[in-house]
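Residue numbers (our numbering): 74 to 360.
Where a beta carbon is used, it is the ideal one built from N, C-alpha and C, also for glycine.
Bear in mind the structure is a predicted one, so any value in this text is a computation, not a measurement.
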Amino acid sequence: MYPYNRNTRNNNPSLEMKERGTGGTPTVSGTPTTPGTPTMQGTPTMQGTPTMQGTPTMQGTPTMQGTPTMQGTPTVQGTPTMRGTPTMSGTPTMRGTPTMSGTPTMRGTPTMRGTPTMSGTPTMRGTPTMSGNNGTNGINSVLTENQKAALAEDRHLMEILYMAQQDSADMAERYANLMTDPNMATSVNVLKTMYLDELKHINQLKEAYYLISGTRDTNEINGTKPDTVGQELLEDTLLLEIDNGDFYRSLFLTMPSQDLRDIFFEISADKMSHGNALSYLFAKYYA
Numbered sequence: 074m075y076p077y078n079r080n081t082r083n084n085n086p087s088l089e090m091k092e093r094g095t096g097g098t099p100t101v102s103g104t105p106t107t108p109g110t111p112t113m114q115g116t117p118t119m120q121g122t123p124t125m126q127g128t129p130t131m132q133g134t135p136t137m138q139g140t141p142t143m144q145g146t147p148t149v150q151g152t153p154t155m156r157g158t159p160t161m162s163g164t165p166t167m168r169g170t171p172t173m174s175g176t177p178t179m180r181g182t183p184t185m186r187g188t189p190t191m192s193g194t195p196t197m198r199g200t201p202t203m204s205g206n207n208g209t210n211g212i213n214s215v216l217t218e219n220q221k222a223a224l225a226e227d228r229h230l231m232e233i234l235y236m237a238q239q240d241s242a243d244m245a246e247r248y249a250n251l252m253t254d255p256n257m258a259t260s261v262n263v264l265k266t267m268y269l270d271e272l273k274h275i276n277q278l279k280e281a282y283y284l285i286s287g288t289r290d291t292n293e294i295n296g297t298k299p300d301t302v303g304q305e306l307l308e309d310t311l312l313l314e315i316d317n318g319d320f321y322r323s324l325f326l327t328m329p330s331q332d333l334r335d336i337f338f339e340i341s342a343d344k345m346s347h348g349n350a351l352s353y354l355f356a357k358y359y360a
């Protein structure tokens, strides 16, 4: 250590440098060596995003090993064309049952050859209705004056209306007699209903007579008691009701106005209902 000298420090800077040991450039002789192998502990990390400048190029021809496979459904773009005429050899066969959906339509006008024939007796179901005057087939809602005159002059028709009243009165007596049969006591209500229907028919026939003639028939109609009883009476009544149903149905079809048709249609319907009921009773008690 150099002795401190103020003057020397001020006038001799090199002396201070030497004193502090900071003056000059240190030199190393020989090659420094590091004993052992340096190691790095921990995982180095890279901050930021590396970027690549320039375009990478590939030299040589790449090759593909193995068999490529295709997944998904291939699609065809454009319209395929077929040249030449396709031919089919052999007889085609169809398996299963063919079905047709939709509604088939017919073009053109069908024609019928020969004369159609109809067998059996046509029947009419339901009640025909007519609105207004001079409807289809000349059927009016009510009789015109000309129709009234024409029907009133038909003496045969007027006799039929009177005879029909008598027939209904006779049928009422038949049902009254059947109601007293002890063998059919359990069906008395059914028989009573048919008895009341016959009394109603008498009044309906009088109404038809009035619509045609304009005159009220006030004659009281009394029925004739039947001369049979039991099974024979029931069977005869059944056959009569079947015939009466056909009679009133024919009469209904010949009437020129709807008001008369309504009367005879209701009577015809009652007669057919009676026939069904009597068939049931005959099978129940005597079959």
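For residue i, three-class secondary structure by DSSP
{"i": "M345", "result": "helix"}
{"i": "S330", "result": "strand"}
{"i": "N250", "result": "helix"}
{"i": "T310", "result": "helix"}
{"i": "G296", "result": "coil"}
{"i": "A223", "result": "helix"}
{"i": "A356", "result": "helix"}
{"i": "I340", "result": "helix"}
{"i": "P123", "result": "The predicted position of P123 is uncertain, since its pLDDT is 49 and thus under 50; a value taken from the coordinates is nonetheless stated next. Coil at P123, not helix or strand."}
Strand pairing of residue i, partner residues [DSSP]
{"i": "N213", "result": "S330"}
Alpha carbon of residue i to alpha carbon of residue j, nearest angstrom
{"i": "I315", "j": "A237", "result": "15 Å"}
{"i": "G296", "j": "H274", "result": "13 Å"}
{"i": "A242", "j": "I294", "result": "7 Å"}
{"i": "D300", "j": "D270", "result": "22 Å"}
{"i": "H347", "j": "G303", "result": "17 Å"}
{"i": "A245", "j": "Y359", "result": "22 Å"}
{"i": "M328", "j": "R334", "result": "6 Å"}
{"i": "M252", "j": "M345", "result": "20 Å"}
{"i": "L306", "j": "Q220", "result": "41 Å"}
{"i": "N292", "j": "A222", "result": "22 Å"}
{"i": "D240", "j": "D254", "result": "22 Å"}
{"i": "A249", "j": "S330", "result": "34 Å"}
{"i": "E218", "j": "I212", "result": "14 Å"}
{"i": "V261", "j": "R247", "result": "13 Å"}
{"i": "L351", "j": "K279", "result": "26 Å"}
{"i": "Y235", "j": "T259", "result": "34 Å"}
{"i": "I285", "j": "N349", "result": "32 Å"}
{"i": "Q277", "j": "G287", "result": "14 Å"}
{"i": "A281", "j": "I336", "result": "7 Å"}
{"i": "D290", "j": "Y283", "result": "7 Å"}
{"i": "L216", "j": "L326", "result": "15 Å"}
{"i": "N256", "j": "K298", "result": "19 Å"}
{"i": "L272", "j": "N317", "result": "15 Å"}
{"i": "D332", "j": "I233", "result": "18 Å"}
Chain B contact for residue i (CB, 8 Å cutoff)
{"i": "S214", "result": "Going by chain labels, chain B is absent from the structure shown, which holds only one protein chain."}
Three or more beta-carbon pairs under 8 Å between the segment 311-329 and the segment 346-358, yes or no?
yes
List in chain order: all unbroken alpha helix (DSSP H) runs of 4+ residues lying wholly within the segment 238-289.
261-286
I want to know whether the segment 251-267 touches the segment 219-229 - three or more CB-CB distances under 8 Å.
By the criterion of at least three beta-carbon pairs nearer than 8 Å, the segment 251-267 is not in contact with the segment 219-229.
Within the chosen definition, does the segment 317-325 reach the segment 334-353 through at least 3 CB pairs nearer than 8 Å?
yes
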